[in-house]
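In my numbering, the protein residues as written are 16 to 481.
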């Protein structure tokens, strides 16, 4: 039993907030018919049911039928809920059993009234409960106007059955508002709950689409940057190689100089590609801080950004800390269920320290860095993984440049460090440190320089051919 309880608790904690609300709503829809049956059907047994064999037998049979209605209603909650949200069509044949049980329940109630086996208050309570199980399913399957028309028809059917059983006067008149009250109660409780969940799921889907669009835009940006870096440089390499070939055929010593230049441009291009992949050109600390705060607050997490703005920091330091902020915000959303998150940046004479802490579910450092690839948190590569594909000279990674290992590599290039784990106060804390006197990133050659070399080489090649 304890194992099952722990399994349920673990399953509950692994669900997102919206999934928890969805599960809670569906469970509520399943429990409500039982509450009505156990109250409105059992209460008359205390004093309203006449103590005689036939009335007691009819009342017990009616109770059994109402319990069966609850069981069938619970089976129909999930498919009717899915039909309302448009994810699956409700099989209409599943309404035959609830409808048949409703007719049986009305027949038993009419028979109970015909033998004068129940008092007026008990009769009204039972009449109010009989259609509820069917109405709880039907309210999600048809429009509101149709449901109201069906409620009026059901009220007329109930009133007619009891009138045929001999119910007259004020009791019969009270059956009409009692039956309508039960149907309207279902309408105003079930329908808004399902509608609210539908809106929340649509908002969740919109957020997923927005995230995918952001990834697509990042890939396009990366493709443009990579084209700008390699396009002209490769053209220069091709032209200089062709010029060196022409010079070598004529035995000119300048061919060696051209090949040396080709080698220099190739190495420079390799470094520029690494810089593009690592995202050094686009990362901005202030933008990432504002973006993280906005995303977390939109997810219902209270986020506070305190401390220095970091505007006076060097560009490489801002870029590295910007990626730390983005990765930390992604992990808070994906791997925990926090209520608040604090991002604090402090700058001293000797180092810059960035703290990101939250009170969500416990995360290990490994798990915290495992899921950032999709949103580009680890880098700006085509797959968001943050790898630079340049491990040939020891400066790259093994293809796992996303998550905390990728952040440690970024900070390590600036003599910085990264620590992550659960603190003694129950908070998960990520700490990034970068010394103010650390190394700075190298400035790559610009496309303008490559274009100039491209023009000069073409002119030299044309002159040599002439």
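The beta-carbon is built from N, C-alpha and C at its ideal position, and this holds for glycine as well.
Every value quoted in this text rests on a predicted model; they were computed, and no experiment measured them.
In the structure shown, the three-state DSSP call for residue 418 is helix. The beta-bridge partner set that DSSP reports for residue 357 consists of 319, 372. Residue environment for residue 39: exposed (fewer than 16 other C-beta atoms within 10 angstroms of its C-beta). Residue 361 and residue 268 have their C-alpha atoms some 58 angstroms from each other.
DSSP, read as helix, strand or coil, puts residue 433 in strand.
Exposure of residue 111 is indicated by the presence of fewer than 16 other C-beta atoms within 10 angstroms of its C-beta. Three or more pairs of CB atoms, one per stretch, sit closer than 8 angstroms, so the region 360–374 contacts the region 336–348. In the three-state reduction of the DSSP assignment, residue 79 falls in the helix class, which pools H, G and I. For residue 178, there is no enclosing beta strand (DSSP E); the residue is found in the alpha helix (DSSP H) stretching over 159–179.
In terms of Cα proximity to residue 317, the closest of 37, 281, 42, 357 is 357. Between residue 179 and residue 125, the gap from beta carbon to beta carbon is short of 8 angstroms. Straight-line measurement puts the Cα of residue 79 at about 18 angstroms from the Cα of residue 139. Between the alpha carbons of residue 197 and residue 302 lies a gap of roughly 54 angstroms.
Residue 215 and residue 89 have their C-alpha atoms roughly 23 angstroms apart. Under DSSP, residue 449 shares a beta bridge with 367. One alpha carbon belongs to residue 238, the other to residue 228, and they sit about 15 angstroms apart. For residue 46, the enclosing alpha helix (DSSP H) begins and ends at 32–51.
Fewer than three beta-carbon pairs drawn from the region 129–145 and the region 85–104 are found closer than 8 angstroms, and the two stretches are therefore not classed as touching. Around the CB of residue 145, 16 or more other CB atoms lie within 10 Å, so the residue is classed as buried. Looking at the DSSP output, residue 362 shares a beta bridge with 367. By the Cβ criterion, the region 273–280 is in contact with the region 252–260, since at least three pairs of Cβ atoms, one from each stretch, lie closer than 8 angstroms.
Distance check between residue 284 and each of 243, 266, 304 places 243 closest, using alpha-carbon atoms only. Around the C-beta of residue 102, fewer than 16 other C-beta atoms lie within 10 Å, and the residue is accordingly described as exposed. Assigned with DSSP and collapsed to three states, residue 105 falls in coil, not helix or strand. A Cβ-Cβ distance of about 11 angstroms is found for the pair residue 305 and residue 344, leaving them out of contact under the 8 angstroms criterion.
In this structure, the straight-line span from the alpha carbon of residue 32 to that of residue 72 is close to 47 angstroms.
Within the DSSP secondary-structure output, residue 444 pairs in a beta bridge with 372, 436. Annotation: residue 325 is outside any alpha helix (DSSP H) and is labelled neither H nor E by DSSP. Using a Cβ distance threshold of 8 angstroms, residue 435 and residue 426 do not count as a contacting pair. With respect to the C-alpha of residue 34, the residue from 220, 106, 265 having the closest C-alpha is 220. In this structure, the CA atom of residue 331 is about 26 angstroms from the CA atom of residue 348. In the displayed model, residue 133 falls within a strand according to three-state DSSP. Residue pairing by DSSP places residue 64 opposite 133 in a beta bridge.
For residue 183, there is no enclosing alpha helix (DSSP H), since its DSSP letter is neither H nor E.
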